[in-house]
Amino acid sequence: MAPVVAFFSFIGSMGNVGLFAIPWSREASFGDVMAFLGADLVATTVIWVHGKFYGWHYALYTSALLYRCFVATGITRVALD
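Count along the sequence shown from 1, add 7, and you get the number used in our numbering.
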(Lines of atoms letter the chains of each structure in order from A and count residues from 1; the text may use other names and numbers.)
(Lines give C-alpha, C1' and ligand atoms only; values in the text may rest on other atoms or scores of the structure.)
Protein backbone atom coordinates (compact mmCIF):
# COMPACT_ATOMS: atom_id res chain seq x y z
CA MET A 1 0.00 0.00 0.00
CA ALA A 2 2.84 2.41 0.77
CA PRO A 3 4.19 2.54 -2.80
CA VAL A 4 0.72 3.40 -4.11
CA VAL A 5 0.29 6.21 -1.56
CA ALA A 6 3.74 7.60 -2.35
CA PHE A 7 3.01 7.47 -6.08
CA PHE A 8 -0.03 9.70 -5.75
CA SER A 9 1.35 12.01 -3.05
CA PHE A 10 4.59 13.00 -4.80
CA ILE A 11 5.48 16.60 -4.06
CA GLY A 12 9.24 16.24 -4.20
CA SER A 13 11.55 14.06 -2.18
CA MET A 14 11.97 16.62 0.58
CA GLY A 15 8.21 17.10 0.80
CA ASN A 16 7.66 13.40 1.45
CA VAL A 17 10.03 13.26 4.42
CA GLY A 18 7.23 14.37 6.72
CA LEU A 19 4.99 11.67 5.30
CA PHE A 20 7.61 9.02 6.13
CA ALA A 21 7.36 9.91 9.80
CA ILE A 22 3.68 8.97 9.96
CA PRO A 23 4.02 5.22 9.26
CA TRP A 24 7.20 5.08 11.35
CA SER A 25 5.50 6.71 14.35
CA ARG A 26 2.63 4.23 14.05
CA GLU A 27 5.08 1.35 14.36
CA ALA A 28 5.12 0.32 10.69
CA SER A 29 7.97 -1.98 9.83
CA PHE A 30 11.23 -0.57 8.53
CA GLY A 31 10.58 -2.32 5.21
CA ASP A 32 7.26 -0.52 4.82
CA VAL A 33 8.85 2.85 5.47
CA MET A 34 11.71 2.10 3.05
CA ALA A 35 9.23 0.97 0.38
CA PHE A 36 7.34 4.23 0.87
CA LEU A 37 10.58 6.23 0.68
CA GLY A 38 11.74 4.55 -2.50
CA ALA A 39 8.35 4.63 -4.16
CA ASP A 40 8.55 8.38 -4.60
CA LEU A 41 11.09 7.59 -7.35
CA VAL A 42 8.25 5.99 -9.33
CA ALA A 43 6.00 9.04 -9.39
CA THR A 44 4.18 10.35 -12.44
CA THR A 45 6.44 13.38 -12.83
CA VAL A 46 9.62 11.30 -12.61
CA ILE A 47 8.29 8.81 -15.17
CA TRP A 48 7.37 11.68 -17.49
CA VAL A 49 10.86 13.23 -17.25
CA HIS A 50 12.54 9.87 -17.86
CA GLY A 51 10.25 9.23 -20.81
CA LYS A 52 11.01 12.60 -22.32
CA PHE A 53 14.78 12.31 -22.02
CA TYR A 54 15.51 8.58 -22.23
CA GLY A 55 12.53 7.20 -24.16
CA TRP A 56 9.27 5.70 -22.98
CA HIS A 57 10.40 2.08 -23.17
CA TYR A 58 13.27 2.74 -20.75
CA ALA A 59 11.12 4.91 -18.47
CA LEU A 60 8.35 2.34 -18.12
CA TYR A 61 10.75 -0.59 -17.74
CA THR A 62 12.77 1.16 -15.02
CA SER A 63 9.63 2.31 -13.21
CA ALA A 64 8.14 -1.19 -13.23
CA LEU A 65 11.41 -2.67 -11.99
CA LEU A 66 11.72 -0.13 -9.17
CA TYR A 67 8.09 -0.64 -8.18
CA ARG A 68 8.55 -4.41 -7.97
CA CYS A 69 11.68 -3.96 -5.85
CA PHE A 70 9.94 -1.63 -3.40
CA VAL A 71 6.93 -3.90 -3.05
CA ALA A 72 9.25 -6.88 -2.50
CA THR A 73 11.14 -4.91 0.16
CA GLY A 74 7.95 -4.20 2.08
CA ILE A 75 6.64 -7.75 1.77
CA THR A 76 9.95 -9.33 2.72
CA ARG A 77 10.34 -7.18 5.79
CA VAL A 78 6.77 -7.86 6.93
CA ALA A 79 7.30 -11.60 6.42
CA LEU A 80 10.44 -11.49 8.59
CA ASP A 81 8.70 -9.71 11.50
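Positions of the beta carbon are idealized from the N, C-alpha and C atoms, including for glycine.
Taking each of Val53, Gly62 and Lys59 in turn and checking the Cα distance to Tyr74, the smallest one comes out for Val53. Our two residues, Leu44 and Tyr68, have alpha carbons roughly 20 Å apart in a direct line. Judged by DSSP in its simplified three-state form, Ser70 adopts helix. Counting along the chain, Gly58 sits inside the alpha helix (DSSP H) bounded by residues Thr51 to Tyr61.
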